[in-house]
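The structure under discussion appears below in the form of structure tokens.
Residue numbers (my numbering): 656 to 874.
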């Protein structure tokens with residue numbers, strides 16, 4: 656059995672505690688949290704890592720907050736996490752607050768975006784190695800694209816040109832039809848989203864027609 660440091664055990668306890676807490680949340684929040692956990696604890700046996708658990712969370716935590724929280728929430732939460740790191744007696748509580756706040760924030764800040772369409776996710780392009788620079792990394796997991804991958808792993812690109820590990824962005828797109836980096840929208844099968852786009856198209860067409868009619872009056 657691998658020997659765990661006190662902090663590593665605290666993170667494992669934190670993970671279990673969050674899993675218990677999220678059971679009481681609405682279904683949409685549970686789904687978002689599960690996606691967060693898959694990205695944050697990609698290898699649940701974190702004790703096999705050579706670095707401490709706090710380093711593991713710090714390397715990935717800021718990018719996760721950028722993806723899952725609003726601007727103000729991200730800054731506040733990360734500052735609180737950093738404060739906990741500088742105070743050894745407060746680290747575990749800071750981590751608990753960090754995860755719980757992400758769960759609670761998910762109910763508020765991510766409700767607006769529906770999932771991406773199935774056809775869009777199915778047809779995500781594969782980025783060739785020649786297009787990837789050595790310092791390019793996935794904003795969701797923070798891994799460099801040049802790092803060794805499994806045979807099934809690949810890099811993909813959204814229409815806004817931002818690149819991601821395919822597995823990471825698929826987990827995100829199943830919940831949101833936006834780029835985690837720039838919020839550019841992609842297509843969705845959600846009826847409300849489709850109706851909204853139709854309304855926007857009609858309004859844009861009406862505005863163009865009004866402008867053309869106004870210009871015609873001055874000819």
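The C-beta atom is built at its ideal place from N, Cα and C for all residues, glycine as well.
Annotated three-state conformation of residue 820 is strand, per DSSP.
A direct Cα-Cα distance of roughly 21 Å separates residue 778 from residue 794.
Per DSSP, residue 777 is one residue of the alpha helix (DSSP H) stretching across 773-777. By the neighbour-count criterion, in which 16 or more other beta carbons inside 10 Å mark a residue as buried, residue 846 falls on the exposed side. Note: residue 810 is bridge-paired with 820 in the DSSP secondary-structure output. When C-alpha distances from residue 796 are compared across 816, 776, 788, 825, the shortest belongs to 825. Under DSSP, residue 781 shares a beta bridge with 811. Taking 8 Å as the cut-off, the Cβ atoms of residue 818 and residue 791 count as close.
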